[in-house]
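Remarks on the structure that follows.
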Amino acid sequence: MSSGPLVVLVGPMGSGKSTVGALLAERLGAPYRDTDADIVAAEGRAISDIFIEDGEPHFRALEREAVRVALAEHTGVLALGGGAVLDEGTRALLAPHPVVYLSMDVEEAVKRVGLNTARPLLAVNPRRQWRELMDARRHLYTEVARAVVATDERTPEEVAQAVLDALELKDA
Ligand code: S3P
Numbered sequence: 001m002s003s004g005p006l007v008v009l010v011g012p013m014g015s016g017k018s019t020v021g022a023l024l025a026e027r028l029g030a031p032y033r034d035t036d037a038d039i040v041a042a043e044g045r046a047i048s049d050i051f052i053e054d055g056e057p058h059f060r061a062l063e064r065e066a067v068r069v070a071l072a073e074h075t076g077v078l079a080l081g082g083g084a085v086l087d088e089g090t091r092a093l094l095a096p097h098p099v100v101y102l103s104m105d106v107e108e109a110v111k112r113v114g115l116n117t118a119r120p121l122l123a124v125n126p127r128r129q130w131r132e133l134m135d136a137r138r139h140l141y142t143e144v145a146r147a148v149v150a151t152d153e154r155t156p157e158e159v160a161q162a163v164l165d166a167l168e169l170k171d172a
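Read in the working numbering, the sequence shown has 120 at position 120, and its numbers run on one by one without any break.
See below:
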């Protein structure tokens, strides 16, 4: 496949996909796109409402379609929702693309996400919940990724540079 995104970012919530994605887009002189935002725009409701009203399997199906369309249309930087890799069909769609996994360790996750009440997934016992989440997902992020970039104690600019280096992409 010759076209498609220059970079696709995956990784857990709080790993900096949107911040780093926007910086990468600026560096590459390319547009930024985010499949969570595509789903919200298409559905006209918040992701949390889709989860509550229709359940996670329905959200994952919407997400698979949003990823399929974005991979076909978008030629810039694309960020996916943190759970997109849970879906086997979504993982298959990602196979030919330059996917980068933004990783972070448990302490960094607790610092960035654990105390954020807008992300109730980690609200009760952040460390344990993070470990469980990552035990279920880590191998899936690694499976779809061409490169893994650790974000711990790095600024978004440093992470963006590491992504460019990992994919051997040049600035615009
Ligand atoms: C999710 C992460 C969210 C969003 C949804 C589910 C997850 O995206 O897609 O709330 O399962 O980890 P971010 O990673 O952009 O927060």
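Note that the Cβ used here is the ideal one computed from N, Cα and C, for glycine as well.
Within 9 Å, strictly: CB atoms of residue i and residue j
i	j	result
residue 171	residue 27	yes
residue 38	residue 72	no
residue 20	residue 144	no
residue 100	residue 147	yes
residue 159	residue 102	yes
residue 63	residue 80	yes
residue 16	residue 126	no
residue 113	residue 93	no
Where residue i sits in the DSSP three-state scheme
i	result
residue 103	strand
residue 38	helix
residue 109	helix
residue 146	coil
residue 80	coil
residue 28	helix
residue 33	strand
residue 9	strand
residue 21	helix
residue 173	The structure shown has nothing for residue 173, since the chain only spans 1 to 172.
residue 89	helix
residue 63	helix
residue 2	Model confidence at residue 2 stands at a pLDDT of 49, short of 50, so the residue's coordinates are unreliable and nothing is read from them.
residue 49	helix
Proximity test, residue i beta-carbon vs the ligand S3P heavy atom, cut-off 8 Å
i	result
residue 52	no
residue 44	no
residue 105	no
residue 156	no
residue 86	yes
residue 79	yes
residue 57	no
residue 65	no
residue 3	no
residue 17	yes
residue 13	yes
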